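Only one structure is covered here, and it is reproduced in the block below.
Number of protein chains: 2
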Amino acid sequence: MKLSMVADHAKWPRENDIIFNLSERAQKASEEVGKENVINATIGALIDDDGNLITIKNVYDQFKSLPNREIAAYASIAGQDDYKEAVKKICFAGNDPKGNIRVVASPGGSGAIKLAMWNYTNEGDAILTSDWYWSPYGIIGEEAGRKVANFKLFNDKGEFNIESFKEKFKEIIYKQGNIFIIINSPGHNPTGYSVSDKEWDQILDFSKKIAKDKSKKIVLFIDVAYIDYVKDDVASRKFFKKFGNLPENILTIVAFSMSKGFTAYGMRMGAAIGISSNEDIAEEFYFSLMHSCRANWSNCNRAAMSTLTHIVDDSKKLKSYKEEKNKYKDMLVRRAESFVQGAKEVELEILPYRDGFFISIPCDNPKEVCEKLTEKNLYLVPLKMGLRFAVCAVSEEKCKKAPKIIKDVLEENKSLSMNLA
Amino acid sequence: MKLSMVADHAKWPRENDIIFNLSERAQKASEEVGKENVINATIGALIDDDGNLITIKNVYDQFKSLPNREIAAYASIAGQDDYKEAVKKICFAGNDPKGNIRVVASPGGSGAIKLAMWNYTNEGDAILTSDWYWSPYGIIGEEAGRKVANFKLFNDKGEFNIESFKEKFKEIIYKQGNIFIIINSPGHNPTGYSVSDKEWDQILDFSKKIAKDKSKKIVLFIDVAYIDYVKDDVASRKFFKKFGNLPENILTIVAFSMSKGFTAYGMRMGAAIGISSNEDIAEEFYFSLMHSCRANWSNCNRAAMSTLTHIVDDSKKLKSYKEEKNKYKDMLVRRAESFVQGAKEVELEILPYRDGFFISIPCDNPKEVCEKLTEKNLYLVPLKMGLRFAVCAVSEEKCKKAPKIIKDVLEENKSLSMNLA
């Protein structure tokens with residue numbers, strides 16, 4: 011037997027990041043055939059029409075103007091107090107749910123997921139999320155022996171599939187006694203779906219019904235990574251109020267991230283926000299997550315915290331930041347509309363897109379289709395059940411053109427499969 | 011029974027950070043009685059004589075001159091390739107051990123400890139470190155169900171207690187089959203001890219003896235957080251060469267951190283460096299740790315990585331950085347010498363100090379003594395077996411004065427205990 015030094019639980023396939031690899035290949039292709047001829051829809055970040063990463067100037071001006079000491083100092087384990095306040099202010103924007111709210115800083119949204127999942131699930135537990143989901147949910151879970159269970163995200167009408175949600179919810183809670191549910195909305199990665207206010211009511215009504223049995227414990231984890239790229243900034247935040255006054259055996263955790271809203275991907279700054287009608291449960295949330303901070307990364311990027319705080323606490327800076335951010339949001343909306351329109355014109359089936367960075371195309375053999383598309387100089391990300399196209403990273407013009415290229419390859423693929431069959 | 015939502019394994023005493031609290035109290039005292047009358051020896055960071063955090067200008071000039079895009083972009087999961095090379099260059103400084111070396115970026119040294127411990131130990135395992143140790147080793151371990159076992163750091167002569175080390179090593183390896191050993195050297199936190207080259211030979215000779223049984227797996231984890239504050243920068247790194255050509259069932263992991271050497275505490279940037287004579291074991295290290303990165307924090311602070319890389323890759327910048335850093339190191343050496351001299355004069359027993367940020371004073375009832383000292387406006391950190399005095403944070407003048415204050419309180423305490431007995 012080959013010698014191995016790692017623990018059994020730490021043996022994984024030796025894989026490099028697929029998105030990173032595809033993106034590198036796209037870059038190489040750009041050098042070879044000219045970037046105007048390559049569509050790189052792999053990257054989950056805002057990229058301008060020339061292929062450069064967009065950075066919000068207001069954010070970086072603030073970042074670079076920090077005194078050295080404010081960058082250098084250790085932050086508090088759970089985050090600076092003023093940062094915690096700033097997170098609530100920018101995330102809820104006045105729609106604070108009634109109840110007890112605690113904030114724990116984390117390295118990006120990923121760190122918030124880790125903190126919450128570790129503390130609110132047991133080894134062997136199944137975590138519930140939709141069938142279309144961001145794969146790191148699974149990676150974060152499986153690292154610590156958790157599994158992922160899925161409900162169908164869409165019903166036949168292309169709406170949130172509340173029936174499938176209920177069914178899986180019941181299956182898990184009756185088996186485990188507790189449940190940890192991840193909902194990534196608005197601007198779901200990878201589909202761009204946003205749960206409507208009415209659908210939230212259905213989700214919460216059902217959760218409350220289950221919660222009548224006080225022995226059941228329900229954690230609703232809401233990943234709002236893309237909330238700053240929803241058409242209506244005000245309307246998109248109203249749903250936060252719904253998490254006030256819930257039964258004390260329903261804990262809501264919101265994952266906040268600076269990555270997208272502040273084009274601060276590389277800073278690794280976010281937070282887990284716990285909301286409970288019971289103060290002791292909120293305190294428990296705070297101290298359990300803080301323990302995990304210490305036990306995983308100690309504390310977070312001080313400069314990133316200060317940057318957020320200085321912007322949020324200064325109404326003039328906040329206004330400038332929002333204006334600049336919304337300019338890019340408008341760009342994103344135009345790109346997405348182009349893609350959706352283009353798809354309609356060539357009858358390419360896409361999943362219901364509402365907001366955010368990505369649009370998904372359901373298909374068979376995603377990996378093969380993805381490879382075929384690279385031959386046409388179109389690079390996107392293969393998922394289990396389809397393809398993810400990053401409208402955030404592709405110009406409006408190319409977003410318009412892409413659906414036809416994808417449609418053609420899917421058709422070729424289909425006839426190939428039929429011939430083989 | 012009171013309602014609780016967290017998993018059983020996530021229930022911890024609800025404690026705030028004791029060092030942070032003590033430091034806050036010291037600050038308040040400074041405001042009340044004047045900072046010249048307060049000694050704040052709690053902080054594990056370089057503080058100038060006026061009580062301000064020291065920041066190496068060369069580091070922050072580089073940091074602030076980065077293009078926005080180099081700050082904003084996601085880093086690769088395991089770290090940028092040029093960062094990985096820069097880490098090896100600055101850490102080993104030419105003393106690269108022979109063999110297969112892999113680097114995985116981490117949020118500070120804490121993140122490197124987490125990555126290594128998680129992947130190379132099993133739940134229930136005992137991790138071996140010295141009886142004087144940095145408490146987060148325990149916190150990181152216990153969060154995931156690992157325990158800490160201790161060998162006695164010092165023998166009667168104030169040298170590394172190789173006999174105690176061997177005894178505990180055998181006890182654990184015969185029970186578990188594997189062992190994970192943490193040695194924090196040079197400039198051990200909290201004692202300031204540095205394992206000598208001869209002592210390293212003893213440690214390695216014994217490890218190799220045990221490793222003759224190929225079923226045994228030995229991981230030597232070496233935390234070099236304070237290596238940049240050793241009197242002789244060149245001599246202090248020679249021991250790295252000893253980790254080359256070890257048996258393949260001994261894996262060495264070095265924890266590198268930018269926190270102290272680059273006064274970049276708040277940036278959270280470090281790395282785990284794996285060294286193995288077997289290439290496959292080195293690859294396994296890389297992929298297992300990379301999986302954990304993705305599953306905990308995704309990726310690390312891009313700006314911090316770039317800062318290190320730009321400095322290390324430019325010989326002029328590197329020279330300026332080192333000159334500036336060594337100025338502060340010289341200051342630290344003078345402070346430590348003052349404290350050691352002051353202790354000798356009043357016959358205060360201290361542990362053998364060699365290098366680094368801290369000096370430890372063994373005593374009974376550390377918490378009570380610590381409280382008593384606050385009444386004399388001296389703030390330091392109580393440990394299990396004594397007190398930790400941060401020479402990094404206290405002026406030379408105050409370092410000279412402090413031993414007498416501590417000695418007096420210890421004497422009072424002693425006579426109090428005797429009267430009570």
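From first to last, the protein sequence lines stand for chains A and B.
End of the first sequence = 431 in the numbering used here, gap-free, step of one.
End of the second sequence = 431 in the numbering used here, gap-free, step of one.
Backbone N, C-alpha and C define an ideal beta-carbon position, used for all residues, glycine too.
Bear in mind that the values here come from a model prediction, so they are computed numbers and not experimental data.
Give me the Cα-Cα distance between E46(B) and F295(A), rounded to the nearest whole angstrom. As a first step, residue 46(B) must be located in the second sequence, where it is residue number 36. As a first step, residue 295(A) must be located in the first sequence, where it is residue number 285. If you take the alpha carbons of E46(B) and F295(A), they lie about 40 Å apart.
Would the beta-carbon of P200(A) fall within 8 Å of that of S86(A)? Residue numbering aside, residue 200(A) sits at position 190 when the first sequence is read from its first letter. Residue numbering aside, residue 86(A) sits at position 76 when the first sequence is read from its first letter. Contact: no.
Take every Cβ of the stretch 106 to 113 of chain A, pair it with every Cβ of the stretch 265 to 284 of chain A, and state whether three or more of those distances are shorter than 8 Å. yes
Going along the chain, which residues of the stretch 290 to 314 of chain B sit with their C-beta nearer than 9 Å to a C-beta in chain A? D290, I291, E293, E294, F295, Y296, F297, S298, L299, M300, H301, S302, R304, A305, N306, W307, S308, N309, C310, N311, R312, A313 and A314
Own chain partners of K251(A) with C-beta closer than 7 Å, once the 5 adjacent residues on each side are dropped: To locate residue 251(A), count along the first sequence from 1; it is residue 241. Correct list, in chain order: N105 and P107.
Does DSSP classify N68(B) as helix, strand or coil? Numbered from 1 along the second sequence, position 58 holds the residue referred to as residue 68(B). Here N68(B) sits in helix by DSSP.
With burial defined as no fewer than 16 other Cβ atoms inside 10 Å of the residue's Cβ, what is the status of G433(B): buried or exposed? Nothing about residue 433(B) can be reported from this structure: the residues present for chain B run from 11 to 431 only.
Any C-beta of chain B sitting closer than 8 Å to the C-beta of P372(A)? By one-based count along the first sequence, residue 372(A) stands at place 362. False, the Cβ-Cβ gap to chain B never drops below 8 Å.
Mind checking if T262(B) is an interface residue toward chain A, Cβ cutoff 8 Å exclusive? Residue 262(B) sits at position 252 when you count from the first residue of the second sequence. Not an interface residue.
Using 8 Å as the threshold, is the stretch 219 to 232 of chain B in touch with the stretch 63 to 75 of chain B, meaning 3 or more CB pairs across them? no
If I measure Cβ to Cβ from P117(A) and keep anything under 8 Å in the same chain, skipping five residues before and after, which residues do I get? Mapped onto the first sequence, residue 117(A) falls at position 107. Hits under 8 Å: R278, M279, G280, W307, C310 and N311.
If I follow the unbroken alpha helix (DSSP H) through I189(A), where does it start and stop? Residue numbering aside, residue 189(A) sits at position 179 when the first sequence is read from its first letter. Here I189(A) belongs to no alpha helix (DSSP H); instead the beta strand (DSSP E) covers N188 to N194.
Could you name the residues of the stretch 117 to 128 of chain B whose beta carbon sits closer than 8 Å to any beta carbon of chain A, in the order they occur along the chain? P117, G118, S120, G121, K124 and W128
What are the partner residues of R112(B), as DSSP defines its beta bridges? Against the second sequence, residue 112(B) aligns to sequence position 102. According to DSSP, which records beta bridges pairwise, R112(B) is partnered with G284(B).
Which word fits S348(A), buried or exposed, when buried means at least 16 other C-beta atoms lie within 10 angstroms of its C-beta? On the first sequence, residue 348(A) is found 338 positions in, with the first residue counted as 1. Answer is buried; the Cβ neighbour count reaches 16.
For A221(B), which residues of its own chain have a beta-carbon under 8 Å away from its beta-carbon, when the five flanking residues on both sides are left out? Stepping through the second sequence from its first residue, residue 221(B) is reached at position 211. I228, L256, P257, N259 and I260, listed in sequence order.
Taking W142(B) as the reference, give the member of W210(B), E293(B), F161(B) and F179(B) with the closest Cα. Counting from one through the second sequence, the residue named residue 142(B) turns up at place 132. Looking at the Cα atoms, F161(B) is the closest of the given residues.
Give the secondary structure of R345(A) by DSSP, where H, G and I count as helix, E and B as strand, and everything else as coil. Here residue 345(A) refers to the residue found at position 335 when the first sequence is read from its first residue. Here R345(A) sits in helix by DSSP.
Taking the alpha carbon of I232(A) as the reference point, which residue from W210(A), K248(A) and I192(A) has its own alpha carbon closest? Translated into the one-based positions of the first sequence, residue 232(A) becomes position 222. Among W210(A), K248(A) and I192(A), the Cα nearest to that of I232(A) is on I192(A).
How is the alpha helix (DSSP H) around A313(B) delimited, first residue to last? As a working note, residue 313(B) is residue 303 in the second sequence. First-last of the alpha helix (DSSP H) with A313(B): R312 to V322.
D243(B) - DSSP class collapsed to helix/strand/coil: For this step, residue 243(B) is matched to residue 233 along the second sequence. Coil, per DSSP.
Distance cutoff 8 Å, beta carbons only. Does T52(A) sit that close to anything in chain B? Locating residue 52(A) in the first sequence gives position 42, where the first residue counts as 1. Not an interface residue.
Assuming A136(B) is part of the beta strand (DSSP E), what are its boundary residues? The residue you call residue 136(B) lines up with position 126 of the second sequence. Where A136(B) is concerned, the enclosing beta strand (DSSP E) stretches over A136 to S140.
Under 8 Å between C-beta atoms, does G44(A) make it to chain B? The residue you call residue 44(A) lines up with position 34 of the first sequence. Chain B, which has no Cβ nearer than 8 Å to the Cβ of G44(A), makes this no.
Closest Cβ-Cβ distance between K339(A) and chain B: below 8 Å? Stepping through the first sequence from its first residue, residue 339(A) is reached at position 329. It does not; no Cβ of chain B falls within 8 Å.
Classify Y184(A) as buried or exposed, calling it buried when 16 or more other Cβ atoms lie within 10 Å of its own Cβ. As a first step, residue 184(A) must be located in the first sequence, where it is residue number 174. The residue in question, Y184(A), is exposed, as its Cβ has fewer than 16 Cβ neighbours within 10 Å.
So, does the stretch 29 to 36 of chain A touch the stretch 385 to 393 of chain A, judging by three or more C-beta pairs under 8 Å? yes
Please give the ranges of any beta strand (DSSP E) in the stretch 392 to 422 of chain B, keeping only runs that are unbroken, at least 3 residues long and fully inside the region. 396 to 400
Residues of chain A with CB closer than 8 Å to the CB of F73(B), please, in chain order. For this step, residue 73(B) is matched to residue 63 along the second sequence. Within 8 Å Cβ-Cβ: I81.
Which residues, in chain order, does the stretch 150 to 164 of chain B contribute to contact with chain A at a C-beta distance below 9 Å? I150, G151, E152, E153 and A154
Assuming L138(B) contacts F179(B) under a Cβ cut-off of 8 Å, what Cβ separation, rounded to an integer in Å, is found between them? Working through the second sequence from its first residue, we reach residue 138(B) at position 128. Working through the second sequence from its first residue, we reach residue 179(B) at position 169. Their Cβ separation, rounded to whole angstroms, is 7 Å, which keeps L138(B) and F179(B) in contact under 8 Å.
Within 10 Å of its beta-carbon, does R156(A) have 16 or more other beta-carbons around it, so buried, or fewer, so exposed? The sequence position of residue 156(A) within the first sequence is 146, counting from 1. With 16 or more other Cβ atoms within 10 Å, it is buried.
C-beta neighbour in chain B for K12(A), strict 8 Å: Numbered from its first residue, the first sequence carries residue 12(A) at position 2. Judged by the 8 Å Cβ criterion, K12(A) is in contact with chain B.
Give the single residue among V205(A), K354(A) and C101(A) whose Cα lies nearest to the Cα of A265(A). Working through the first sequence from its first residue, we reach residue 265(A) at position 255. For A265(A), the nearest C-alpha among the options comes from C101(A).
Pick from L318(A), I263(A), K270(A) and F272(A): whose alpha carbon is nearest that of I291(A)? The residue given as residue 291(A) occupies position 281 in the first sequence. Nearest C-alpha to I291(A): I263(A).
Express the C-alpha separation of A136(A) and V158(A) in angstroms, rounding to a whole number. Here the question's residue 158(A) lines up with position 148 in the first sequence. Here the question's residue 136(A) lines up with position 126 in the first sequence. Approximately 5 Å between the Cα atoms of the pair.
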